[in-house]
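Heads up, the thing below is written out as structure tokens.
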Amino acid sequence: MNSDQLKQQVAQAALAHIEAYNFKVDLGVGTGSTVNLLIDLLPQVRHRIGAIVSSSEASTKRLEALEFKVQELNQTGDLTLYIDGADECDAHNRLTKGGGGALTREKIIAAASKKFICIIDHSKQVDILGKFPLPIEVLPMARSYVARQMVKLGGQPIYREGFVTDNGNQIIDIHNLKILDPIELENKINQIPGVVTNGLFAQRKADLVLIANQQGEVTEQ
Ligand code: 5RP
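Going by this note's numbering, the sequence shown opens with residue 55, and the numbers climb by one from there.
Here is the structure:
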């Protein structure tokens with residue numbers, strides 16, 4: 055199966071996890087090509103969905119096109135379930151996210167959700183996080199300063215030129231990191247002045263990861 059077919063399989067599998075609740079779930083919706091496929095399937099479980107909160111303007115637009123009313127997290131309070139993709143996932147369900155630049159809102163929604171299900175295909179599985187460049191959202195005036203601090207931490211920062219986040223900030227992608235202690239690095243980077251957040255989801259990792267293997271079978275981790 056090709057990558058799109060694998061994403062379709064895992065999106066379909068996530069739907070069953072929404073359906074399994076015997077009440078209306080307040081749902082957080084992530085961002086990216088895998089989640090887009092999930093969004094397209096959500097009308098099938100409309101009866102199981104209470105409030106919906108989205109992690110990006112792109113996901114909001116897609117949800118609204120399907121006549122879902124997207125609410126603010128400030129209105130809903132904590133959510134039942136958050137479903138999102140990832141760029142990398144290790145054996146402990148710790149993730150690298152933010153390839154699509156929505157990492158800050160994703161991290162807020164993940165933190166505010168009782169359960170976080172991550173949906174990936176097998177190509178995202180890694181032994182050690184860091185092969186995929188680690189995104190950091192920064193306040194624009196702090197970009198070069200944060201980049202210099204990341205060089206001291208052993209990374210090679212590349213400015214994501216021309217990209218502005220939904221929060222009006224910028225992204226630097228940190229290459230060549232071998233992340234042996236994701237929680238420690240997540241905390242360290244977040245303490246650098248000017249950092250809004252970084253794409254490590256180690257403190258609030260996924261509770262469950264659904265993985266589409268090469269044959270398109272979905273396993274749980
Ligand atoms: C966006 C993300 C996405 O979840 C991540 O980039 C994976 O995207 P895709 O499903 O397109 O591979 O973190 O900020």
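Ideal placement from N, C-alpha and C gives every residue a C-beta, glycine not left out.
Where does residue i land, buried or exposed, given buried means 16+ other C-beta within 10 angstroms?
i	result
K151	buried
L81	buried
N27	No statement about residue 27 is possible, as the shown extent of the chain runs from 55 to 275 and does not include it.
N223	buried
A140	buried
For residue i versus residue j, is the C-beta distance shorter than 8 angstroms?
i	j	result
V89	E142	no
G270	Q98	no
I237	A201	no
L157	G253	yes
E111	D261	no
S113	G155	no
Y136	I173	no
E240	A256	yes
I need the straight-line Cα distance from residue i to residue j, nearest angstrom please.
i	j	result
S198	K259	29 angstroms
P187	L234	15 angstroms
T134	E160	15 angstroms
H176	L96	23 angstroms
G104	L183	35 angstroms
G248	P194	8 angstroms
Q210	K185	12 angstroms
N230	N147	21 angstroms
T130	I106	9 angstroms
I212	V205	11 angstroms
K232	G208	9 angstroms
Looking only at its own chain, which residues have a Cβ that is under 7 angstroms from the Cβ of residue i, when we skip the five neighbours before and after it?
i	result
R116	N90 and I93
Exercise for review: Please list, following the chain, all residues that have a C-beta closer than 5 angstroms to any non-hydrogen atom of the ligand 5RP.
Suggested key: T85, G86, S87, T88, G139, D141, K151, G152, G153, G154 and A156
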